[in-house]
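Chains as they are written, first to last, in our numbering: chain A, 140 to 417; chain B, 78 to 202.
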Amino acid sequence: MSISLLALFLALGSFGAGLLGALTGLGGGLVVVPMMTLLFHIDLRYAIGASLVSVIATSSGAAAAYVREGFTNVRVGIFLEVATTVGALSGAALAGFIPTSALAVLFGLVLLYTAYRSLRAPEEHPTDLPSDPLALRLRLNSTYPTAAGIRAYSVQGVKKGFALMFVAGVLSALLGIGSGIVKVLAMDHTMKLPFKVSTTTSNFMIGVTAAASAGVYLHRGYIEPALAFPVMLGVLAGALLGARILAGAKTLWLRRIFTTVVVVLALEMLYKGLRGGL
Amino acid sequence: MRDRRDEQIELVIGRLLQWGVLAAAIVVVIGGLLLLAQYGHLPANFRQFNSEDAALRSVGGIIRAARSGDSRAIVQLGLVLLIATPAARVALTLGAFIIQRDRLYMLTTTIVLALLLYGLIWGRA
Numbered sequence: 140m141s142i143s144l145l146a147l148f149l150a151l152g153s154f155g156a157g158l159l160g161a162l163t164g165l166g167g168g169l170v171v172v173p174m175m176t177l178l179f180h181i182d183l184r185y186a187i188g189a190s191l192v193s194v195i196a197t198s199s200g201a202a203a204a205y206v207r208e209g210f211t212n213v214r215v216g217i218f219l220e221v222a223t224t225v226g227a228l229s230g231a232a233l234a235g236f237i238p239t240s241a242l243a244v245l246f247g248l249v250l251l252y253t254a255y256r257s258l259r260a261p262e263e264h265p266t267d268l269p270s271d272p273l274a275l276r277l278r279l280n281s282t283y284p285t286a287a288g289i290r291a292y293s294v295q296g297v298k299k300g301f302a303l304m305f306v307a308g309v310l311s312a313l314l315g316i317g318s319g320i321v322k323v324l325a326m327d328h329t330m331k332l333p334f335k336v337s338t339t340t341s342n343f344m345i346g347v348t349a350a351a352s353a354g355v356y357l358h359r360g361y362i363e364p365a366l367a368f369p370v371m372l373g374v375l376a377g378a379l380l381g382a383r384i385l386a387g388a389k390t391l392w393l394r395r396i397f398t399t400v401v402v403v404l405a406l407e408m409l410y411k412g413l414r415g416g417l
Numbered sequence: 078m079r080d081r082r083d084e085q086i087e088l089v090i091g092r093l094l095q096w097g098v099l100a101a102a103i104v105v106v107i108g109g110l111l112l113l114a115q116y117g118h119l120p121a122n123f124r125q126f127n128s129e130d131a132a133l134r135s136v137g138g139i140i141r142a143a144r145s146g147d148s149r150a151i152v153q154l155g156l157v158l159l160i161a162t163p164a165a166r167v168a169l170t171l172g173a174f175i176i177q178r179d180r181l182y183m184l185t186t187t188i189v190l191a192l193l194l195y196g197l198i199w200g201r202a
């Protein structure tokens, strides 16, 4: 296959990944790496480099739209970014020592977990419990707009959330993904932020986390221009289109399709990883 | 905790980021088209990892090579611009906390910015 033809296929595949990722809220980065390695037999390191770049494009490109909704909690974001960036730099340092077969297995497990979470409805939880004293000291508690007007919420489990964010940063660097699922888990499940606040603040953090390890990978030569350019442009175009049509889309069946794709890729990654074929 | 000024600042930052991504994408498109014109016919072989040329692995090297019109370096330049957009976001957020005289978050934001720049400029982890 020529470089031009590969670029065309990568751009089309990345466009689909970005579109489905935006429509389902699971992010496109998750399927870019399996697509590149399983379908096009590209080395995992190049795939991770290209994927991280596309994750940054999606996060920064969508920033204004998220801010306009008025849900992002900037203090929570910045505070947790200390954990995710330290995690990302640690993950990038580790990446050189972990065999690619082990990374493939880890990737498969993360994909399976994502599929499992995506089929469960987000749990409702009270947001007016007494605040974690640490959240008061760090002034993390805030307000968000609801149909019934502005509502205040308080933040729980600050330390555990911070620790989970470190893990999210490590995974982001090791696998070239945004780790949005772990970030939302930390903020929604552990810190008990309202769901909308978790998802928008997660988008705020994903770009920063990915940029920390992308810088390191650029110096290590993981970012190959001939691969990164179609992937970045494809995912970005898909994600922007997805955000536009999101309002009218029937997301339930899309979610099912995307989840099926994720499970198939997960099993394939596990198989290749365990057999050592990647 | 959250006032209208916070929101205004964030909105401006969000807009700037979108412009940053647009600028990066334009540079990547130009470099990408040149790259395809130059190397597009060659067989693609990315099964084996060969680290990029040293010139394409540092910000300084990329800028130098892009100036001389190297298509691969122009793509990399666009990607560096893109990687810099989250850093710009954090830097602008730092500015917002300075205006608000919020010392705790000036410190926190400075730590995040330092970690990001460390990765991008020195590239060691």
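Ideal placement from N, C-alpha and C gives every residue a C-beta, glycine not left out.
It should be emphasised that the depicted structure is a prediction, and the values quoted were computed from it without experimental measurement.
With distances taken from CA atoms, which of B:L156, B:L112, B:G117 is nearest G354 of chain A? Ranking the options by Cα distance to G354 of chain A, first place goes to B:L156.
Can you list, in chain order, the residues of its chain with a C-beta nearer than 6 Å to that of F343 of chain A? Leave out the 5 residues immediately preceding and following it. Within the same chain, Cβ atoms closer than 6 Å to the Cβ of F343 of chain A are found at T211, G216, the five residues on either side in sequence being excluded.
Strictly below 7 Å CB to CB, what residues from chain A border S128 of chain B? Under a criterion of Cβ atoms nearer than 7 Å, the residues of chain A adjacent to S128 of chain B are, in order, R359, G360.
Please go through the region 195-272 of chain A and give each complete alpha helix (DSSP H) segment of 4 or more residues, from N-terminal end onward. Runs of the alpha helix (DSSP H) inside the region 195-272 of chain A: 202-208, 213-234, 239-258.
What residue from A:T163, A:M174, A:A241, A:P272 has the CA that sits closest to K298 of chain A's CA? The shortest Cα separation from K298 of chain A among A:T163, A:M174, A:A241, A:P272 belongs to A:P272.
For M78 of chain B, I'd like the list of residues in its chain whose CB is within less than 6 Å of its CB, leaving aside the five on either flank, ordered along the chain. The predicted position of M78 of chain B is uncertain, since its pLDDT is 44 and thus under 50; a value taken from the coordinates is nonetheless stated next. Within the same chain, M78 of chain B has no close Cβ partners at all.
With burial defined as no fewer than 16 other Cβ atoms inside 10 Å of the residue's Cβ, what is the status of Y283 of chain A: buried or exposed? That one is buried.
Does the region 367-379 of chain A touch the region 241-253 of chain A, meaning 3 or more C-beta pairs lie closer than 8 Å? No: fewer than three Cβ pairs fall under 8 Å.
Whole angstroms are fine: how far does the CA of A131 of chain B sit from the CA of G138 of chain B? Answer to the nearest angstrom: the Cα atoms are 8 Å apart.
For Y361 of chain A, which three-state DSSP category applies? Y361 of chain A falls in the coil class under three-state DSSP.
Compare the C-beta of R134 of chain B with all C-beta atoms of chain A and state if any pair is closer than 8 Å. R134 of chain B counts as touching chain A.
Terminal residues of the continuous alpha helix (DSSP H) containing G163 of chain A? Here residue 163 of chain A turns out to be Thr, not Gly, going by the sequence shown. It spans 142-163 - the alpha helix (DSSP H) in which T163 of chain A sits, taken as one unbroken run.
What did DSSP end up calling G415 of chain A once you bin it into helix, strand or coil? If DSSP states are grouped into helix, strand and coil, G415 of chain A belongs with coil.
Could you give the DSSP three-state label for G108 of chain B: helix, strand or coil? The DSSP-derived three-state label of G108 of chain B is helix.
Per DSSP, which residues does Y356 of chain A bridge with? Please list them. DSSP lists no partner for Y356 of chain A.
Could you say which of B:L158, B:A191, B:L112 lies nearest to S143 of chain A if we only look at CA atoms? The shortest Cα separation from S143 of chain A among B:L158, B:A191, B:L112 belongs to B:L112.
Suppose you measure from the CA of G235 of chain A to the CA of G226 of chain A; what does that come to, to the nearest Å? Their backbone Cα atoms lie some 15 Å apart in a straight line.
Beta carbon proximity, R290 of chain A to chain B, threshold 8 Å: False, the Cβ-Cβ gap to chain B never drops below 8 Å.
Kindly indicate which three-state DSSP category G288 of chain A falls into: helix, strand or coil? Strand at G288 of chain A.
Using a Cβ-Cβ cut-off of 8 Å, state whether Q153 of chain B counts as contacting chain A. For Q153 of chain B, the nearest beta carbon of chain A is closer than 8 Å to its own beta carbon.
Can you tell me whether S341 of chain A is helix, strand or coil according to DSSP? Note: S341 of chain A maps to helix in three-state DSSP.
Quick check: is the beta carbon of V104 of chain B nearer than 8 Å to any beta carbon in chain A? Residue-level contact by beta carbon fails for V104 of chain B and chain A, as no gap is shorter than 8 Å.
Starting from the Cα of E87 of chain B, find the closest Cα among B:R134, B:G200, B:G172 and give me that residue. Nearest C-alpha to E87 of chain B: B:G172.
To the nearest angstrom, how far is it from the Cα of T186 of chain B to the Cα of L193 of chain B? For T186 of chain B and L193 of chain B, the distance between alpha carbons rounds to 11 Å.
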